[in-house]
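What follows is a single structure, written as structure tokens, with notes after it.
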Amino acid sequence: MKAFTVYQPYAFAIVTGLKHYETRKKRTSIRGRVAVHAAKGTPRFVTMALDMALPEHMTLHYGAVIGTVEIVDCVRVEEIRDSLTERERALGDYSPGRFAWVLQNPEMFDTPIPARGNQGWWTWNGERCRECWCMTCDAFRTEACLEGKDVCGKCAPDKHTSYCPWHPCENGGKA
135 MKAFTVYQPY AFAIVTGLKH YETRKKRTSI RGRVAVHAAK GTPRFVTMAL
185 DMALPEHMTL HYGAVIGTVE IVDCVRVEEI RDSLTERERA LGDYSPGRFA
235 WVLQNPEMFD TPIPARGNQG WWTWNGERCR ECWCMTCDAF RTEACLEGKD
285 VCGKCAPDKH TSYCPWHPCE NGGKA
């Protein structure tokens with residue numbers, strides 16, 4: 135599945151249906167369902183308008199695929215700018231010359247799936263580390279896990295909140 139990485143809280147806004155357009159410098163020809171990855175970092179600044187556009191109580195996850203959304207079109211921002219709500223304006227950069235990916239049918243995962251993102255489009259295969267992911271809890275094995283902690287033997291307990299660097303899909307196919 136194709137995936138794109140976006141900073142929080144924008145990723146949250148996409149998968150919860152608050153953000154209907156993803157604005158970028160470049161057009162995309164990709165259509166259909168794509169994965170939404172929340173970057174590990176945070177943007178340099180969060181405007182007061184953005185802060186006011188989002189719910190007060192939201193749980194933000196970082197360094198994980200948090201859901202999916204369908205891209206149904208890509209238009210120039212000039213075509214839609216006048217029809218945007220204040221919330222939508224706060225959630226994107228609608229400067230002239232940019233493009234808006236039209237988003238529909240968002241789905242937020244119950245449990246975020248840790249993954250290493252990338253700039254631009256990248257391929258996400260949806261897998262988790264088979265050794266340190268608990269199928270009972272549907273989470274990384276930690277002290278709270280129903281089957282015990284640190285079963286992987288490769289991952290340190292403090293690494294269980296991010297991707298597993300020893301999983302073949304996380305390090306370029308090298309186990």
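Under the working numbering, the final residue of the sequence shown carries the number 309; numbering is consecutive throughout. C-beta: ideal position from N, C-alpha, C; glycine also. Computed from a prediction, not measured in an experiment: that's the story for all the values here.
query, result
"From the DSSP output, in three-state form, read off cysteine 298 for me.", "With a pLDDT of 44 at cysteine 298, under the threshold of 50, the predicted position of this residue should be treated as unreliable, though the coordinate-derived value follows. In the structure shown, cysteine 298 sits in coil (DSSP, three-state: anything other than H, G, I, E or B)."
"DSSP three-state label for alanine 198, please.", "strand"
"Going by C-alpha to C-alpha distance, which of Ile247, Ile205 and Glu220 sits closest to glutamate 148?", "The sequence given here has isoleucine at residue 148, not glutamate. Looking at the Cα atoms, Ile205 is the closest of the given residues."
"Buried or exposed: where does glycine 166 fall if 16 or more other Cβ atoms within 10 Å of its Cβ makes it buried?", "exposed"
"Rounded to whole angstroms, what is the Cα-Cα separation between valine 140 and threonine 157?", "11 Å"
"Ordered along the chain, which non-local residues of its own chain (more than five positions away) have a Cβ less than 6 Å from that of tryptophan 256?", "Ala137"
"Alpha carbons only, please: which of Tyr144, Gly251, Pro177 and Ala234 is nearest the one belonging to alanine 198?", "Gly251"
"Are the CB atoms of lysine 159 and arginine 223 within a distance shorter than 8 Å?", "no"
"Could you check whether methionine 135 and glycine 201 sit closer than 8 Å to each other, using their CB atoms as the reference points?", "no"
"Since I believe leucine 218 is in contact with leucine 152 (beta carbons under 8 Å), could you give me their beta-carbon distance rounded to a whole number of angstroms?", "Actually they are not in contact, since the Cβ atoms of leucine 152 and leucine 218 sit about 13 Å apart, beyond 8 Å."
"Would tryptophan 258 and threonine 162 qualify as a contact pair, given that the criterion is a beta-carbon distance under 8 Å?", "no"
"If you run the structure through DSSP and keep just helix, strand and coil, what is arginine 250?", "coil"
"So what's alanine 173 in DSSP terms, helix, strand or just coil?", "coil"
"List the DSSP bridge partners of valine 211.", "BP columns for valine 211 are empty, so no partner."
"When the Cα of glycine 254 is compared with those of Ala173, Pro143, Gln142 and Asp244, which residue comes out closest?", "Ala173"
"Which residue or residues does DSSP assign as beta-bridge partners of threonine 157?", "Ala234"
"By the 10 Å Cβ neighbour count, where 16 or more other Cβ atoms means buried, how is valine 209 classified, buried or exposed?", "exposed"
"Using C-beta distances below 8 Å, list every residue in its chain close to histidine 154, excluding the 5 sequence neighbours before and after it, in chain order.", "Glu222, Val236, Leu237 and Gln238"
"Apart from the five residues just before and just after leucine 188, which ones in its own chain have a Cβ nearer than 6 Å to its Cβ?", "Pro143"
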